[in-house]
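Heads up: the structure comes next, in structure tokens.
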Amino acid sequence: MKKKWVLAIAVVVVLIVIWFSVAPPRFILNLSKKVAATPGCGARLVQDYGCRQCHQIGGRGALVAPKLDGITQRVDDPARVTLRLWLRNPKAVKPATAMPNFHLSDYEIDAIIAYLEALDRGEAIPPGGC
Numbered sequence: 005m006k007k008k009w010v011l012a013i014a015v016v017v018v019l020i021v022i023w024f025s026v027a028p029p030r031f032i033l034n035l036s037k038k039v040a041a042t043p044g045c046g047a048r049l050v051q052d053y054g055c056r057q058c059h060q061i062g063g064r065g066a067l068v069a070p071k072l073d074g075i076t077q078r079v080d081d082p083a084r085v086t087l088r089l090w091l092r093n094p095k096a097v098k099p100a101t102a103m104p105n106f107h108l109s110d111y112e113i114d115a116i117i118a119y120l121e122a123l124d125r126g127e128a129i130p131p132g133g134c
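Position 1, counted from 1, in the sequence shown is what the numbering used here calls 5; the numbers after and before it change by one each time, with no gaps.
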């Protein structure tokens, strides 16, 4: 009787291994598709989130909030830690800020920073999506 249980468990384990080798779980598929954020995607996000309704970027937009031209050069933070924290949750950095929390993903934050860095370097931003 004990041998039948061991055999049944072994068969189930083999079937599970075969199943996952044919159709890996979604989280494993997502890990392998890590795509670098592009300035084009960042430009699209800046447009989609309406950043220019408050910020001026490249001479376009309102001046309700600080200009974003040169932001990556004005802030002495090569790893962009402060900028990342700000984009993740502005009120955590400056509680009195009027900037809303857009609940950006890590990818969106990387893309917006890539866009701002490319602008500050004077690069042409190819159109792109995310």
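By construction, the Cβ of each residue, glycine as well, lies at the ideal position given by its N, Cα and C atoms.
So, for residue i: in the same chain, excluding its five sequence neighbours on each side, which residues have a beta-carbon less than 6 angstroms away from its beta-carbon?
{"i": "Trp90", "result": "Val97"}
{"i": "Tyr53", "result": "Phe106"}
{"i": "Gly46", "result": "Ala115, Ile116, Ala118 and Tyr119"}
Could you tell me which residues DSSP pairs with residue i in its beta bridges?
{"i": "Ile61", "result": "Arg64"}
What is the DSSP secondary structure of residue i, reduced to helix, strand or coil?
{"i": "Ile113", "result": "helix"}
{"i": "Glu127", "result": "coil"}
{"i": "Tyr119", "result": "helix"}
{"i": "Arg84", "result": "coil"}
{"i": "Leu11", "result": "helix"}
{"i": "Lys98", "result": "coil"}
{"i": "Leu71", "result": "Leu is not the amino acid found at residue 71; the sequence shown has Lys there. Three-state DSSP puts Lys71 in coil, outside helix and strand."}
{"i": "Ala47", "result": "helix"}
{"i": "Cys134", "result": "coil"}
{"i": "Thr42", "result": "coil"}
{"i": "Lys6", "result": "helix"}
{"i": "Val79", "result": "coil"}
{"i": "Leu108", "result": "coil"}
Which residues in the same chain have their Cβ closer than 7 angstroms to the Cβ of residue i, if we skip the five residues on either side of it in sequence?
{"i": "Arg92", "result": "Leu108 and Ile113"}
{"i": "Pro131", "result": "Gly44"}
Less than 8 angstroms between C-beta atoms, sequence neighbours within five positions excluded: which residues of the same chain meet that for residue i?
{"i": "Val50", "result": "Arg56, Ile61, Ile116 and Tyr119"}
Exercise. Decide yes or no for the touch test of the segment 13-23 against the segment 106-119: beta carbon pairs closer than 8 angstroms, at least 3 of them.
Key: They do not touch, by the three-pair rule.
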